[in-house]
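Report on the following structure.
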Amino acid sequence: MIRDGVTVVTILIPTIMVSPPVAATTDRPSQSEPSCQTVFCLTDTRNDLRLEGNLRLQLDAAAYRDDGAARLDGGTNVRRARFSARAQLGDAWTAKFTYDVSKDGVSGIRDAFVSYTHPKGRLERLRIKAGHFKEPFGMERLTSVRDLAFMERSLASTLTPNRNMGIELHRHDRQWTATAGVFVPGTSDDNDNIRHSASARATLAPDHSDGRILHFGAAIAYRSLDSSRSTRFSQQPESRVTDLKLVDTGAFAARDYVFYGLETAWAQGPWSLQADYIHAHINRPDSFADVGFQGWHIDAGWILTGEAQPYNSTKGTFGRLRPAPGAPGIWQLGLRLSELDLNDAGINGGRQRNASLGLTWYSNHYLTLSTEYVQVLNIDGGAFDGARPSALQARVQLIY
């Protein structure tokens, strides 16, 4: 079972390369948008070159209600403070560099890559990317946090790969995407024991026009561990002002493991649903029994101001809500149910289930305000067995 991850990636790479092209849509800004909405942008029309820089600042505040079993300290947090530089040469070459000076107090490189997209012919829209970037896995993971209906990704996101160093092949048309890559550890602090990895994802969207979206996807990711032969899974409670992790396996012996993911999404006008299911199979050494962890989430969204939920056909994810110039902004309401189960085969990391209600106001291209209530419905097992704390949190997001 464990070696299935490498096998699927090996099969998918040639499939991506030979698939016939079909007319595609793009998610570029419309002509009605300002030509420059960034810190700086320079355009050399003679050489078809564009340079731009962006800033993203997310300031969080949270208050927690303790139930005696778990104590969470409220306060404020600079969740992200990122500077990005991007270069675009024609329609083929792209380079991007993103540095975060405050990712929960840990600075580091987020994106640093170069990509080439074949512009014409049989290999049209075949993209090769090399550098440091997100591995292809999961609709929620590949959607930028600034485009989610919630301040944080779900509990299940701990069972997904993060950014790593590698090389990736990607192909898409209007209705499908296929991506596969091989990686080595990047700068993320959750990759300490990974030796090498491989990931692949495929999506199908048979309908995403006229305000309708229907999306399906599947992904697989293989992780090989280094000589330490140990791994650990844990998660914060969908709030990052606190450092406390309510479910945590602690370090345990392992050889390698595979993530399996299924995803689906639907939208009709301003209404939307999105769900991911992830299973992690951990292969353990010697006489230890193999371990299976799982997580899932279901999101429901309603754009109160009536705009249709957009779709990004290049990435195979929901797209970005963009308030029209001069409009009073876009309001979005989100409801989420999520679960992470880290109990299996003698490992008692805990099973946690959350419910969240969030309200987001996209004031304009630059300013977004969010508020959210998160309730831990139950924790079964682990150090915080029976705990049911809750959080009331808010975020100010500035993008320029």
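Per our numbering, the sequence shown starts with residue 8, numbered consecutively.
Just so it is clear, CB atoms sit at the ideal spot from N, CA and C, and this is done for glycine as well.
Proximity below 8 Å, CB of residue i to CB of residue j
| i | j | result |
| --- | --- | --- |
| ARG402 | HIS372 | no |
| ASN171 | PHE190 | yes |
| PHE325 | GLY357 | no |
| THR105 | ARG117 | yes |
| SER161 | SER345 | yes |
| GLN400 | VAL248 | yes |
| THR271 | ALA287 | no |
| GLY81 | TYR71 | yes |
| SER204 | TYR229 | yes |
| LYS136 | HIS177 | yes |
| ASN350 | GLY388 | yes |
| ALA212 | SER320 | yes |
| THR45 | TYR407 | yes |
| ARG236 | ARG262 | yes |
| GLN359 | LEU347 | yes |
| SER377 | GLU245 | no |
| ALA94 | LEU58 | yes |
Residue i burial status per 10 Å Cβ neighbour count (16 or more: buried)
| i | result |
| --- | --- |
| ALA334 | exposed |
| THR83 | exposed |
| ARG53 | exposed |
| ASP67 | buried |
| VAL265 | buried |
| ASP255 | buried |
| ALA207 | buried |
| PHE240 | buried |
| VAL298 | buried |
| LEU155 | buried |
| ALA296 | exposed |
| PHE47 | exposed |
| TYR380 | exposed |
| ALA258 | exposed |
| LYS127 | exposed |
| LEU384 | exposed |
| SER397 | buried |
| LEU311 | exposed |
| LEU253 | buried |
| LEU79 | buried |
Euclidean distance between Cα positions of residue i and residue j
| i | j | result |
| --- | --- | --- |
| GLY276 | ALA260 | 48 Å |
| VAL121 | ALA76 | 48 Å |
| LEU64 | GLN404 | 6 Å |
| ASP180 | GLU147 | 20 Å |
| LEU133 | LEU56 | 21 Å |
| ARG89 | GLN243 | 22 Å |
| ASN290 | GLY138 | 29 Å |
| GLU314 | ILE337 | 8 Å |
| ILE285 | GLU175 | 22 Å |
| ASP98 | ALA225 | 28 Å |
| GLY115 | LYS103 | 15 Å |
| LEU269 | SER294 | 31 Å |
| ILE227 | TYR369 | 34 Å |
| ARG129 | TRP100 | 18 Å |
| ASN200 | ASP233 | 6 Å |
| ASP217 | ASN355 | 48 Å |
| ARG395 | LEU374 | 33 Å |
| LEU62 | LEU49 | 16 Å |
| PRO292 | ALA92 | 44 Å |
Three-way DSSP call (helix, strand, coil) for residue i in this model
| i | result |
| --- | --- |
| ARG148 | helix |
| ASP107 | strand |
| ASP11 | A caution first: ASP11 carries a pLDDT of 46, below 50, which makes its placement in the model too unreliable to give a value. |
| ALA156 | coil |
| ALA398 | strand |
| ALA163 | helix |
| GLU270 | strand |
| TYR373 | coil |
| TYR407 | coil |
| ALA352 | coil |
| GLU379 | strand |
| GLY388 | coil |
| GLU59 | strand |
| THR312 | coil |
| PHE240 | coil |
| PHE120 | strand |
| ASP263 | strand |
| LYS141 | strand |
| ASP297 | coil |
| THR32 | Annotation note: pLDDT 37 at THR32 (below 50); position unreliable, coordinate value reported separately. Residue state, collapsed to three classes: coil. |
Ignoring anything shorter than 3 residues, give me the beta strand (DSSP E) runs that lie fully in the stretch 171-225, in order along the chain. With a minimum length of 3 residues, the continuous beta strand (DSSP E) runs that stay inside the stretch 171-225 are 183-191 and 201-214.
Tell me the start and end of each unbroken beta strand (DSSP E) in the stretch 57-100 that is at least 3 residues and wholly inside, in chain order. At a cut-off of 3 residues, the continuous stretches assigned as beta strand (DSSP E) that sit fully inside the stretch 57-100 are 82-96.
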